[in-house]
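Visitor:
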Amino acid sequence: MNEFIISLNEEKKRITYSGNSKITVDKNEYECDLIHLDGQNYLLKVDNNFYEITSNKLDNDRFSVLINGCLFEIEVRSLLQEKAKEILQQRSSTHQRTEVKAPMPGMILKIKKNTSDKIIQGETVLILEAMKMENDLRAPRPGIIKEILVQEGTAVEKGAVLFTIE
Amino acid sequence: MIKKILVANRGEIAVRIIRACREMGIKSAAIYSDADKTSLHTRLADEAYYIGESTASQSYLNQTKIIELAKEIKADAIHPGYGFFSENSEFIKRCEEEKINFIGPSSKSVEMMGSKTAARELMSKSGVPIVPGTTKPIASINEGIWSAKEIGFPILLKAAAGGGGKGMRKISSEKEFNDAFEATQREAMKAFGDDSIYIEKYIENPRHIEVQVIGDKHGNFAHLFERECSIQRRHQKIIEESPSSFVDQETRNRITQAAVNAAKACGYYNAGTIEFLMDAEKNFYFLEMNTRLQVEHPVTEFITGIDLVKEQILIASGKKLSFTQKDLKINGHAFECRIYAEDPENNFLPSTGILTEYKIPSGPGVRVDDGFGKGSEISIYYDPLISKLVCWALDRGSAIERMKRALGEYQIAGLINNITFLKSVFDDDKFKKGEIDINYLERELENLNSSASKNRTNPELEDAAAIVAVLIKEKLSGKNHNGYNKQTKQAQHNRWQDLMYE
Chain L
1 MNEFIISLNE EKKRITYSGN SKITVDKNEY ECDLIHLDGQ NYLLKVDNNF
51 YEITSNKLDN DRFSVLINGC LFEIEVRSLL QEKAKEILQQ RSSTHQRTEV
101 KAPMPGMILK IKKNTSDKII QGETVLILEA MKMENDLRAP RPGIIKEILV
151 QEGTAVEKGA VLFTIE
Chain H
167 MIKKILVANR GEIAVRIIRA CREMGIKSAA IYSDADKTSL HTRLADEAYY
217 IGESTASQSY LNQTKIIELA KEIKADAIHP GYGFFSENSE FIKRCEEEKI
267 NFIGPSSKSV EMMGSKTAAR ELMSKSGVPI VPGTTKPIAS INEGIWSAKE
317 IGFPILLKAA AGGGGKGMRK ISSEKEFNDA FEATQREAMK AFGDDSIYIE
367 KYIENPRHIE VQVIGDKHGN FAHLFERECS IQRRHQKIIE ESPSSFVDQE
417 TRNRITQAAV NAAKACGYYN AGTIEFLMDA EKNFYFLEMN TRLQVEHPVT
467 EFITGIDLVK EQILIASGKK LSFTQKDLKI NGHAFECRIY AEDPENNFLP
517 STGILTEYKI PSGPGVRVDD GFGKGSEISI YYDPLISKLV CWALDRGSAI
567 ERMKRALGEY QIAGLINNIT FLKSVFDDDK FKKGEIDINY LERELENLNS
617 SASKNRTNPE LEDAAAIVAV LIKEKLSGKN HNGYNKQTKQ AQHNRWQDLM
667 YE
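Residue numbers (this note's numbering), protein chains in the order written: chain L, 1 to 166; chain H, 167 to 668.
What follows is the structure, encoded as C-alpha cells:
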C-alpha cells in the first residue's frame, strides 16, 4: 500500500493507493481507471464519471492538471518525502524569500515601491508594459521588499527576477 | 470578378477570409511573419508568402512589401481584415494608385470618419445624434453655467487639448460648477499647456450599441440590425450579442435609420459599423464609425444568414448587394465570446506560450473562428486572442445555456485563459437579465472572479485532479505499467486481430 500527500489549492489531501483500481482520498473511496490517450492526454474514470485530462509534469513532484477547463497545480509526495520536507522546512523557515519574476517580456514602465517598503498581498509594486498594455505586477504575499532588481524604462526578458520579498 | 486575393492579416480573421475565398472559387494568398509559421492561415491558403520578422512593422504593417508582393503574385485584390491596414487611408490610397482592388471603403470615406471632431460635425449635419455639448471652448463661468443648464446636468468638463482620461471632471449640479471649472482649467494648463475647456453631456453607465451597415458602389444601403457590446474590459469587448435585449422595435427603427444615414453621409461602400452609446432612456449618441469588418461580425451572420465577407468581396468587385433591406429579419439570438490568453484574476494580464492542448466545442448552433491549433504559439507580438466562440439559439435564454455548454467543451492547455471567467459571466443573474452597461465588468469583477474560483474548488473535481496526479506519477515512475502506453501501430493492429478471432 502506498500513501501520498498531495497539495492543491493550498490544501493537502492524503491519498491511499495499493496498485488496484480502489483509491482513497482522505476519507472517500473511489473506483478509478486512468486511460492514456496520447502525449499528455488522459481519460480518467472516477466511479461513474469520465473526465478529459491534460497533464504536464512540471518537475519531480509537481504536475499541472487540466480537468473540466480548470487548471490545477499539484504537488505529489510519498508520505516519507512529505515528512522529510516538513523537517527541512522547519529548519529554514525563519527566513523565507519570494522572488517575483516577469511573466512575459516587456518594459518596466513605473516602479511604485522602494526597497524596504512594507507591502500587503496584492499591492502593485511595479507596472510592466507588454503587448501594448500596462500590467500591474502585484505582491504575491505580504512582507518587506528586500531588493528591486530593475529600473524604470528598461526591457526585461520573461522569467527575469524583478523584485524579492522577505 | 476578382481572381486572387492577398489576405493582409493573420490569425482567425485571415482564416475567415480564406474560407470565404475558397467557397467563392477565388485563389487566396496568405502572408506570415516568423512568429506565424505554424499558424493556421498559412496552411489553409492556396499560397503562403513569408513577409518578414515578427514585429508587425516589419511584416503585417510593411506597406511597401505587401503592395510589391500583391503585384508580384498577380493578386488583383487585398483584403485587410480588421486592425493593421483596414482603416489606413494612406495604404488604401496606394492600392487605388496601383490599381489593386482594396476590399473595403474608399480612402475618402475612411478620412472623413477618421477625425473625431470632423466626424462629429458631419454626423450632426446628417441627422445622426451626437453627445450634446459645446463645439467651442467656454469663455467664462457664466457662459459655462448657461450651456450646462441647456445641455442638462450631469455634465463633463473636458480639456480641449485633453486625452487619455486626463483633464476631465464630472459635474452633477450648478453649485459645483465654479470650483470644478477652475480646477479643470488648472489641471488642463499643467497637463497640456492649454486651459481651454468645453462641455459634454455626461452619460451615466451607457450601453455600447452598434449597428452593422453595408453599402455597394451603386448607392444601395442596408443595415443588418444592432449588436450590443457592453461587456468590456480595458475598453475592449469580450462578449457581444445580437439583437440587444435592451433595444425595442421603435428604438431599433430609429437607431438603424441613423446608422444608414451616417454611412450615406460619408459615401460609404463595404461593410461597416456605426458605434453608439445608449443611455437608460434609450437615447443614443454617435461614438464613431468603424470602416471595416468587425471582430464580432459572426453574431450578425448568425441572426441574418448573410455572409459578410462574401458580400465585401462582391461589393469590391462592383456587384450590387445580394439582398435588400426587406429580405432581412432577425432570426433568433447569437452571442460571441472572445477567448483570450489572459488572466482575469490578475488584472487581465496577457499570457504567452504554446498551445500544448487545444480542443474546441462543436454541436448544434456552435461556430468557432480561430487561427491556431495544437502546437501553435501565442506570442508577445500580436493580440492574445486564441479563439472566438459564437453560439446561436432561438431566444436569448437558450443561447446563454448553449454558450455555457460550449465553453465547457474547450480543452486549452499551455496558456492561462479567460474561459472560466466567461462562464461565470453567463452564470450571473444580472447578465442573464440583460442588466448590463459598459461599466458592468469593472463593477462586478470581484463577484465574477470569486464565482469563477468557486468552480475550481469543487471537492469532486479536486479529488479527481488529485487522483490523476498520483496515478500519472506512478505511471511515469514505471510502476503499475499496464500496457495503456503501448499505442503503437502494431499494438492497435493486434487489437483488431484479437477482435476478429474472438
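Even glycine gets a Cβ: it sits at the ideal position worked out from N, Cα and C.
Can you list the alpha helix (DSSP H) stretches of 4 or more residues lying completely in the region 577-602 of chain H, in chain order?
Guide: Segments of the alpha helix (DSSP H) lying fully in the region 577-602 of chain H: 585-593, 595-598.
Visitor: Give the interface partners of S55(L) over in chain H, defined as CB-CB distance under 8 Å, in chain order.
Guide: Near S55(L) (Cβ distances below 8 Å), the residues of chain H are V634, A635, I638.
Visitor: At 8 Å on the CB atoms, spell out the chain L contacts of A579(H), in chain order.
Guide: Those within 8 Å of A579(H) in chain L are Q40, T54, N56, S64, L66, L71.
Visitor: Just to confirm my understanding: we take H647(H), look at its own chain, exclude 5 residues before and 5 after, and list those with CB closer than 8 Å. What are they?
Guide: In this prediction, H647(H) scores a pLDDT of 44, lower than 50, which makes its location untrustworthy; no coordinate-derived value is stated.
Visitor: Where do the N-terminal and C-terminal ends of the alpha helix (DSSP H) with K259(H) fall, by residue?
Guide: Counting along the chain, the alpha helix (DSSP H) containing K259(H) begins and ends at 255-263.
Visitor: Taking the straight line between their C-alpha atoms, what separation do you get for N41(L) and V534(H)?
Guide: Distance between the alpha carbons of N41(L) and V534(H): 22 Å.
Visitor: At what residue ranges does the region 189-265 of chain H contain a whole run of the beta strand (DSSP E), taking only runs of 3 or more?
Guide: Listed in chain order, the complete beta strand (DSSP E) runs (minimum 3 residues) inside the region 189-265 of chain H are 193-199, 213-218, 243-245.
Visitor: Since W558(H) sits in a beta bridge, which residues does DSSP pair it with?
Guide: Per DSSP, A500(H).
Visitor: Give the residues of chain B in contact with P550(H), contact being defined as C-beta atoms less than 7 Å apart.
Guide: The chain inventory of the structure shown lacks chain B, comprising the protein chains L and H.
Visitor: Residues of chain H with CB under 7 Å from M107(L), in chain order?
Guide: Residues of chain H passing the Cβ test: none, with the nearest at roughly 11 Å.
Visitor: Against K13(L), what residues of chain H qualify as contacts under a CB-to-CB distance less than 7 Å, listed in chain order?
Guide: Residues of chain H passing the Cβ test: A632.
Visitor: How would you call V297(H), buried or exposed, if buried means at least 16 neighbouring beta carbons within 10 angstroms?
Guide: With 16 or more other Cβ atoms within 10 Å, it is buried.
Visitor: Say whether the region 204-212 of chain H touches the region 151-159 of chain L, bearing in mind that this needs 3 or more beta-carbon pairs closer than 8 Å, one atom from each stretch.
Guide: The region 204-212 of chain H vs the region 151-159 of chain L: no contact.
Visitor: In angstroms, rounded to a whole number, what distance separates the CA positions of H389(H) and R182(H)?
Guide: If I take the Cα positions, the gap works out to 22 Å.
Visitor: With 7 Å as the limit, tell me which residues of the region 552-585 of chain H have their beta carbon closer than that to any beta carbon of chain L; keep them in chain order.
Guide: If the cut-off is 7 Å between Cβ atoms, the region 552-585 of chain H has G574, Y576, Q577, A579, I585 near chain L.
Visitor: Along the chain, where does the beta strand (DSSP E) that runs through D361(H) open and close?
Guide: Where D361(H) is concerned, there is no enclosing beta strand (DSSP E), given that its DSSP letter is neither H nor E.
Visitor: Run through DSSP, which three-state label would C32(L) get?
Guide: Strand, per DSSP.
Visitor: What whole-angstrom Cβ distance do V65(L) and V636(H) have, given they're in contact under 8 Å?
Guide: At roughly 11 Å, the Cβ-Cβ gap does not stay under 8 Å, so V65(L) and V636(H) are not in contact.
Visitor: If you count every other CB in all the chains shown that lies within 10 Å of the CB of E99(L), and 16 or more means buried, which is it?
Guide: Exposed: under 16 other Cβ atoms inside 10 Å.
Visitor: Is C187(H) helix, strand or coil by DSSP?
Guide: Three-state DSSP puts C187(H) in a helix.
Visitor: Compile a chain-ordered list of the residues in the region 399-410 of chain H whose CB is closer than 9 Å to at least one CB of chain L.
Guide: Listed in sequence order: R400.
Visitor: With 7 Å as the limit, tell me which residues of the region 608-626 of chain H have their beta carbon closer than that to any beta carbon of chain L; keep them in chain order.
Guide: Cβ contacts with chain L: N621, R622, T623.
Visitor: Please confirm whether T154(L) has its beta-carbon closer than 9 Å to some beta-carbon of chain H.
Guide: Cβ-Cβ to chain H under 9 Å: no for T154(L).
Visitor: What are the partner residues of Y506(H), as DSSP defines its beta bridges?
Guide: Paired residues: L551(H).
Visitor: With a threshold of 16 other CB atoms inside 10 Å of the CB of R504(H), please say whether the residue is buried or exposed.
Guide: It counts as buried.
Visitor: What does a CB cutoff of less than 6 Å around D445(H) pick up in its chain, not counting 5 residues either side in sequence?
Guide: Excluding residues within five positions, the ones whose Cβ falls inside 6 Å are I369, P372.
Visitor: Output the distance between the C-alpha atoms of R458(H) and S362(H), rounded to the nearest integer angstrom.
Guide: Each residue's Cα considered, the two are about 34 Å apart.
Visitor: How about V25(L): is its C-beta nearer than 9 Å to some C-beta of chain H?
Guide: Yes, V25(L) counts as interfacial toward chain H.
Visitor: In angstroms, rounded to a whole number, what distance separates the CA positions of K12(L) and S616(H)?
Guide: For K12(L) and S616(H), the distance between alpha carbons rounds to 21 Å.
Visitor: For T230(H) and T221(H), what's the separation of their Cα atoms in angstroms?
Guide: Roughly 16 Å separates the two Cα atoms.
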